[in-house]
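For reference, the structure discussed in these notes is given below.
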Amino acid sequence: MINLYGAELSKLEQQMLTLDQKKYRATQLFKWIYEKKANSFDEMSDISLRFREVLKEKYELRKPKIYQRQNSNDGTVKLLLELDDGAKIETVLMRYNYGNVVCVSSQVGCNMGCSFCASGLLRKQRNLLPEEMIGQILIVNDLLDIEGKNEHVTHIVVMGTGEPFDNYDNVLDFVRIANNPHALAIGARHITVSTCGIPDRIRQYANEGIQINLAISLHAPTDEIRSRIMRINQAYPLSQLMDAVRYYEKTAGRRVTFEYILLKGINDSIDNANQLSDLIRGTLAYVNLIPYNDVLENGYHRSEDGTVKKFLNQLTKRGITATIRKEFGTDIDAACGQLRAKEEKIL
Ligand code: SAH
């Protein structure tokens, strides 16, 4: 059975052709499942009974199940979802004043091995399928619906567990479905994919001709520091990463956001701020400073508030645009992968 929630429009159009149908059937199905939120083929009243039977034989409409839910006082909801094979993944809803942002996981576990991150405590088991990423949004939409607020997900960040560019094709299908006006209709500029920085994939992404935002987890201004905290840097040092960023800027005509977690005593000095501004000068760069969520016993701690402000001021003085990321869910297991790691008894 094919899960219809994982079908990207152009691929579904091809499938319709092989079923001796016209291409427009694909859009018709999109409208039923996403706009009218049909849960079964029986509801699809403008599709003939005969073709509905064909569809039922080939396709299914399946969403993940909510295994556990944590609610924060600030409105953040953290979900542990269970997939068909029993795998568990984290999905987070954050309520910004501008909309409902969902943080989506792209893999079960992660192999990138960043030393500060709880997600990597559990190695990658497998990639998530497009329907399992769409499913995360649908579950949150259902929650927002049930709560009767007539709200829905307005923004997506692919910043949950996993490395999206280590699951490139599925993630691209996912963002295309999310962006499709007859599916989730979330504007490209409201979707952000975050990568630890795989140069070849950044170039490939630049060539896609899509307007979806790209964020890069930089976290360090020198190879020496970055290789220590992010294993990916040992394979692709900063010079290669920055070349790919410049290629992206030129080819896609867009700027990237650099994410930079401030870790006490590791990457948060004024010297580091100067090195960072030297590294990214000449790009259209924008820096998002992230207060670190302590993960028990890994030895890293968040920088003091004063240090964060000084770091920000130094970047600004050097002509770099930077902001501090707003924090959510500090009263629940906020750190990436923390809830899942606890469930699997790793933390
Ligand atoms: N693999 C992708 C996306 C998942 S991580 C990437 O590396 O970008 C999403 C972001 O959360 C990354 O910037 C990551 O470095 C950051 N992050 C991981 N653990 C964190 C923690 N404990 N506190 C704050 N940010 C964290």
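Residue numbers (the working numbering): 200 to 546.
Built from N, CA and C at the ideal position, the CB exists for glycine as well.
This one's a predicted model, so the numbers in the text were calculated from it and none came from an experiment.
According to the DSSP secondary-structure assignment, Leu462 is paired through a beta bridge with Arg501.
Using a cutoff of 7 Å, the CB of Glu331 does not count as near the ligand SAH, since none of the ligand's heavy atoms is closer than that. The stretch 510-517 makes contact with the stretch 457-472, as at least three CB pairs between them are under 8 Å. At a Cβ-Cβ threshold of 8 Å, Leu208 and Asn378 do not count as neighbours. When the alpha-carbon of Val303 is set against those of Trp231, Gly285 and Gln335, the nearest one is in Gln335. DSSP places Val507 within a helical segment (H, G or I) once states are collapsed to three. Relative to the ligand SAH, Met441 has its C-beta separated by 7 Å or more from all heavy atoms. The alpha helix (DSSP H) runs of length 4 or more contained entirely in the stretch 329-370 are, from start to end of the chain, 329-345.
A residue is called buried when at least 16 other Cβ atoms come within 10 angstroms of its Cβ; Arg539 meets this threshold and is buried.
The Cβ neighbour count for Arg322, taken over all protein chains shown within 10 Å, is under 16; the residue is labelled exposed. For Arg480, the number of other beta carbons within 10 angstroms of its own is below 16, and it is reported as exposed. According to DSSP, Phe457 shares a beta bridge with Ile415 and Val486. Looking at Leu514, Ile338 and Leu248, the one whose alpha-carbon comes closest to that of Arg261 is Ile338.
Fewer than three Cβ pairs drawn from the stretch 341-352 and the stretch 434-453 lie within less than 8 Å of each other, which leaves the two stretches out of contact.
Per DSSP, Ser244 lies in no beta strand (DSSP E) segment and is marked neither H nor E. Following the DSSP letters along the chain, one finds Arg294 in no alpha helix (DSSP H) but inside the beta strand (DSSP E) bounded by residues Lys287 to Tyr295.
Looking only at Ser271, Asp467, Asn412 and Leu478, the smallest Cα-Cα distance to Leu440 is reached by Leu478. Looking from the CA of Thr529, the closest CA among Val356, Asp241, Gly274 and Lys235 belongs to Gly274. The secondary-structure analysis by DSSP pairs Thr520 across a beta bridge with Tyr485.
The ligand SAH has no heavy atom closer than 7 Å to the beta-carbon of Val291. DSSP places Arg224 inside the alpha helix (DSSP H), whose first and last residues are Tyr223 to Phe229. Boundaries cannot be given for Glu496, as no alpha helix (DSSP H) includes it and DSSP labels it neither H nor E.
The beta carbon of Arg524 sits closer than 6 Å to those of Asn487 and Ile489, all from its chain and outside the five residues before and after it, given in chain order.
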